[in-house]
Structure formats: structure tokens, C-alpha cells
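Asks: Please see the structure below; I have some questions.
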Amino acid sequence: MQRAAFILRMREGMNSLSRVLKAIEKYQGAVLHLETRPNKRDNGQLDALIKMQMSRLNLLQLIKNLRQSGTLEHVTLLGEDNISAKNPWFPRHASELDNCNHLMTKYEPDLDMNHPGFSDKEYRSRRKDIAEIAFKYKYGDAIPYIEYTETENKTWTAVYNTVKELVPKHACAEYRCVFKQLEEAGIFQALRVPQLEEMSSFMKKATGFTLRPAAGLLTARDFLASLAFRIFQSTQYVRHTKTPFHTPEPDCIHEILGHMPLLADPSFAQFSQEIGLASLGASDQEIEKLSTIYWFTVEFGLCKEAGETKAYGAGLLSAYGELLHALSEKPEHRPFDPASTALQAYQDQEYQPVYFVAESIEDMKDKFRRWVCQMSRPFEVRFNPHTGRVEVLDSV
Ligand code: NLE
Ligand code: FE
């Protein structure tokens, strides 16, 4: 279901309003809110605001119908909840990502009794302080330095050492290569959590990807949008020390150890940006499909390499328990195929029962490109690297 809002200027008294309401009824929409007020410039006229909900297909029909009947001349369609009508709102420049950091209320230590930090007051207040940084962050700011505590550094050490041991055998070549560079640069070391700012400048030199701090798990739409600008929204807090080897939510160990090496790989960075671009102004159903693909590739993807299966998914490379599980006989392995992968239900609490294996990262990218062409967005988008802006090309 899409939500949409109209503003009507009622030159013909209540006539155009009743016509629009009838049309909404005809297309099985539900009016959520209706209000009128005097027009600011001309007091003799009334403006009406109608908020409603209807399927995307019907919404497009409704707009066509209103346009044909001439009613739309008096109607301004406003985007709401990122609807994909004629002019959906989405960020056109990285600075507009300041509006795209809505949190999901999932796995919060304050709300979820099963969270290992639920009964740990100190952990919860630390987490709040770090989240504050993300809430205050504005485009262009440097990423604030965090003095990680001894406990946090210890948690990093535990995860880092196990991952480092498994990388040579189980991680894909692209990951192994950047991992080594990060060690050589002194950014990856066992004893301290790397800072987001140093990770960001490392990635910037490699692929142009940069980071912005996020307070927690974001909505899929907001998260994917930032990738269109080669920006990765990263948490900055560390998982609870009770569960170093697996957490269901992102934390900075997952982002730094799982995501960032691959975001510094040119081909993978390109793929990440393309998912982001595909998400701009997409319908809710398409966002769901894109985030499912993201889940089974960027988070939990496997790929072939010289006859063996390797991991490239960040959720595997930051959680050694699941990495070993994924590469064992236990779960099902299916070939990566965007059309079916996009429909696979996933669960985000425990280890995955199903993983998708790509022929290679390059092949995955090609298959994704072909699949993404059939999305129903009525416009094309293109990222202009000179201006840093997303340009919209109308195709209807
Ligand atoms: N399970 C991962 C880890 O423990 O690092 C995090 C997954 C976030 C989607
Ligand atoms: Fe992740």
C-alpha cells in the first residue's frame, strides 16, 4: 500500500473536492485525513489537504484519471512516506542524507528483553552516548573520535583474532586482499577498535566510499539510499561483551570487519552503489526485494573461487560461528539468482538456513544489473560523480 497526500485548490467550490473523493473511492483508496483551510494568497478560496492510502497501481491510475478529467490542474500531489508517484522524494545529494537516518525499533537493548545488554545499565547508557553522536551528525562533519573502553577493545580483540585465523581459508580473494592492506596500514590491529574516521579515509582513497555514523539499525529505505552516494551508514557502538561471536544487530565490529574491506574493493563498491541507486524512489515492495537481495549478498553472500566456496557476506565475516556454519554441510546452498533470491524469506535472529552462492562477485553484479532493469520505476536515475548529485531522467 502506498500513502499519498494531495493539496487541492478549490476554484470550483467543493466540486473538485467531491470529484477527487469519488475517484479515490473508485480506485479503492482509503482517506486517512482531510482538512480544509483558507488559501494564503486568496482568502476567497479554500485549500484542501487529503491524505490517503491505496495500492501503487491504483494510485498511478488515479493520477491518470484526474489528469484526463482536468481535475489535476487544481491538485498538487505531495509525496508522503516516500511514495513513488510522479515526484517521489528521495535524496538527490549526500547532504540530504541528514533526513535519512530513521531507526528501526528492533533489537534495542532498552526494549528487547533478550538483548544481552537489557539488564546492563552501564552498557545501555554507553550506547546512548554513542548514539547521540549519530543524531547530532550533519553532512560534512568529521566523524567524532571515540575513546573505546578496555572492555570494548577486548571484545574487538576476541572477534578480530578468530576472524583473522579464518580469513585465509574461508574469505573471498577481494576480502583477503584489503584485509592485508588494512593490517599493513596499521588500521587493523588486534588491540584496539579502529576509528570510523580512519576507516572512512582509507575507503575514500580506494573507492570513494565514506562513512557517516548511524545510531542503530536503520529502515531499509534510508540505509539503501545512502549507498547511492557511496556513503555507508555505520554504527559506532560495540556489541555486548557477553556475545562477542554473534549478534543479530549491526555494531561497529560487524561494520568494520564485515563490510568495510569489501567497500574498499572497486567492483564490490560499484555493486553496492547500484543497489542504492535502484532503491531511490522505489515502491515499498521493491525496497523489500532489494533489501532481501542485499541480505543474501552483501550480508550473507557466498561465492565460488577455484572450485571452493568462500564467504564475502559481512554478517559472516564478522561472526565466526555463522561463518563456519555457512560453509558446513548443514545449511542449504542455492545458486544466486536475483529473481528467486529476492523472494526468499529471511530471518535475522539466528544463523541462516539458506545461503546463495554466486559464481563470482563480478557475475553476481551482472545478474543483478539484468534483474534490476525490470523494476517498474517510471524514471531512471544516474549519479553524476562531478556534482555528487543524483540526476533523474523521466521515462514516462
Ligand atoms: N551476525 C553479525 C555479527 O555478529 O557480526 C551481525 C549481522 C548484522 C546484520
Ligand atoms: Fe551489515
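Note that our numbering gives residue 1146 to position 310 of the sequence shown, counting from 1, and the numbers run on in steps of one. No residue lacks a Cβ here, since even glycine has one placed at the ideal position from N, Cα and C.
For PRO945, collect the residues of the same chain with a Cβ closer than 7 Å to its Cβ; drop the 5 residues on either side in sequence, then sort them by chain order.
Replies: One-based indexing of the sequence shown puts residue 945 at position 109. These residues qualify, in order along the chain: HIS951, GLY953, PHE954, TYR959, ARG960 and ARG963.
Asks: Hey, ALA866 and ASN901: beta-carbon distance below 8 Å or not?
Replies: In the sequence shown, the residue the question calls residue 866 occupies position 30. In the sequence shown, the residue the question calls residue 901 occupies position 65. Contact flag unset, no.
Asks: So, helix, strand or coil for ARG1048, using DSSP?
Replies: In the sequence shown, the residue the question calls residue 1048 occupies position 212. In the structure shown, ARG1048 sits in a strand (DSSP, three-state: E or B).
Asks: DSSP three-state call for ASN918: helix, strand or coil?
Replies: As a position in the sequence shown, residue 918 is number 82, starting the count at 1. With a pLDDT of 43 at ASN918, under the threshold of 50, the modelled position of that residue is not reliable, and the figure given next carries that caveat. Looking at ASN918 - three-state DSSP - the assignment turns out to be coil, as it is neither helix nor strand.
Asks: What I want to know is whether the C-beta of GLU1158 ends up closer than 7 Å to one or more non-hydrogen atoms of the ligand NLE.
Replies: Here residue 1158 refers to the residue found at position 322 when the sequence shown is read from its first residue. True, at least one ligand heavy atom lies under 7 Å from that Cβ.
Asks: Let me confirm a value: CYS1209 is counted as buried when at least 16 other C-beta atoms fall within 10 Å, else exposed. Which label applies?
Replies: Walking along the sequence shown from the start, residue 1209 turns up at place 373. Classification of CYS1209: exposed, given that the 10 Å Cβ count is below 16.
Asks: Could you please give the first and the last residue of the uninterrupted beta strand (DSSP E) stretch that includes VAL1217?
Replies: Position 381 of the sequence shown, counting from 1, holds the residue named residue 1217. 1215-1220 is the span of the beta strand (DSSP E), which, as asked, contains VAL1217.
Asks: I think VAL1217 touches LEU1138, with their Cβ atoms under 8 Å apart; what is that distance to the nearest whole Å?
Replies: Here residue 1217 is taken as the residue at index 381 of the sequence shown, counted from 1. Here residue 1138 is taken as the residue at index 302 of the sequence shown, counted from 1. With 8 Å as the limit, VAL1217 and LEU1138 do not qualify as a contact, their Cβ atoms being about 30 Å apart.
Asks: If we require 3 or more residues per run, which beta strand (DSSP E) segments fall completely within the region 1119-1169?
Replies: Fully enclosed beta strand (DSSP E) runs of 3 or longer: 1138-1141 and 1144-1147.
Asks: Under 5 Å from any heavy atom of the ligand NLE, by CB: list those residues in chain order, please.
Replies: Result (chain order): HIS1082, THR1083, PRO1086, HIS1090, GLY1151, SER1154 and ALA1155.
Asks: Quick check on DSSP: helix, strand or coil for VAL1232?
Replies: By one-based count along the sequence shown, residue 1232 stands at place 396. Residue confidence is low: VAL1232 scores 47 on pLDDT, short of 50, so the model does not pin down where it sits. Its coordinate-derived value is still stated next. Of the three classes helix, strand and coil, the one that applies to VAL1232 here is coil, per DSSP.
Asks: Measure from the alpha carbon of GLU806 to the alpha carbon of each residue in LEU857, ARG1066, GLN864 and LYS862, then state which is nearest.
Replies: Because the chain spans 837 through 1232 in this model, residue 806 falls outside it and cannot be assessed.
Asks: What's the gap between the Cα of GLU1186 and the Cα of GLU1158?
Replies: Translated into the one-based positions of the sequence shown, residue 1186 becomes position 350. Translated into the one-based positions of the sequence shown, residue 1158 becomes position 322. Taking the straight line from one Cα to the other gives about 9 Å.
Asks: Name the residue from LEU1160, TYR975, HIS1169 and ILE1197 whose alpha carbon lies nearest to the alpha carbon of SER1108.
Replies: Walking along the sequence shown from the start, residue 1108 turns up at place 272. Nearest C-alpha to SER1108: ILE1197.
Asks: Straight-line CA distance for ALA1026 to LYS974?
Replies: On the sequence shown, residue 1026 is found 190 positions in, with the first residue counted as 1. On the sequence shown, residue 974 is found 138 positions in, with the first residue counted as 1. Approximately 31 Å between the Cα atoms of the pair.
Asks: What residue from HIS1161, THR1083, ILE1067 and ALA1100 has the CA that sits closest to VAL1074's CA?
Replies: For this step, residue 1074 is matched to residue 238 along the sequence shown. Closest option to VAL1074, Cα to Cα, is THR1083.
Asks: Are PHE971 and ALA1061 close, meaning C-beta to C-beta below 8 Å?
Replies: In the sequence shown, counting from the first residue as 1, residue 971 sits at position 135. In the sequence shown, counting from the first residue as 1, residue 1061 sits at position 225. Taking 8 Å as the Cβ cut-off, PHE971 and ALA1061 do not qualify as a contacting pair.
Asks: For LEU1099 versus ILE1111, is the C-beta distance shorter than 8 Å?
Replies: Mapped onto the sequence shown, residue 1099 falls at position 263. Mapped onto the sequence shown, residue 1111 falls at position 275. Taking 8 Å as the Cβ cut-off, LEU1099 and ILE1111 do not qualify as a contacting pair.
Asks: Could you say which of CYS1013, THR998 and ILE982 lies nearest to VAL1029 if we only look at CA atoms?
Replies: Counted from its first residue, the sequence shown places residue 1029 at position 193. Nearest C-alpha to VAL1029: ILE982.
Asks: Where THR998 and ILE1023 are concerned, what is the direct C-alpha to C-alpha distance, given to the nearest angstrom?
Replies: Position 162 of the sequence shown, counted from the first residue, corresponds to residue 998. Position 187 of the sequence shown, counted from the first residue, corresponds to residue 1023. In a straight line, the C-alpha of THR998 is about 17 Å away from that of ILE1023.
Asks: Whole angstroms are fine: how far does the CA of ILE966 sit from the CA of TRP992?
Replies: If you number the sequence shown from 1, residue 992 lands on position 156. If you number the sequence shown from 1, residue 966 lands on position 130. One C-alpha to the other measures close to 17 Å.
Asks: By Cβ distance below 6 Å, which residues in the same chain neighbour HIS1169 in space, the five residues on each side in sequence not counted?
Replies: Sequence index remark: in the sequence shown, residue 1169 carries index 333 (1-based). Only TYR1191 and VAL1193 meet the Cβ criterion.
Asks: Using the three-state DSSP reduction, which class does VAL999 fall into: helix, strand or coil?
Replies: On the sequence shown, residue 999 is found 163 positions in, with the first residue counted as 1. Helix.
Asks: When you compare only the Cα positions, how much space is there between PRO1097 and TYR1156?
Replies: Position 261 of the sequence shown, counting from 1, holds the residue named residue 1097. Position 320 of the sequence shown, counting from 1, holds the residue named residue 1156. One C-alpha to the other measures close to 16 Å.
Asks: At least one CB of chain C closer than 8 Å to the CB of SER1062: is that the case?
Replies: Among the chains of the structure shown, chain C does not appear; only one protein chain is present.
Asks: Would the beta-carbon of GLU1186 be found less than 7 Å away from any heavy atom of the ligand FE?
Replies: Residue numbering aside, residue 1186 sits at position 350 when the sequence shown is read from its first letter. Result no, Cβ not under 7 Å from the ligand FE.
Asks: Whole angstroms is fine: what's the gap from ALA1118's alpha carbon to GLU1124's?
Replies: Translated into positions along the sequence shown, residue 1118 becomes position 282. Translated into positions along the sequence shown, residue 1124 becomes position 288. Between ALA1118 and GLU1124, the C-alpha separation is close to 10 Å.
Asks: Counting along the chain, where does the beta strand (DSSP E) carrying ASN1102 start and finish?
Replies: Locating residue 1102 in the sequence shown gives position 266, counting from the first residue. A small fix is needed here, since residue 1102 is Pro in this sequence, not Asn. Looking at the DSSP string, PRO1102 is not in any beta strand (DSSP E); the run it does join, the alpha helix (DSSP H), is 1102-1115.
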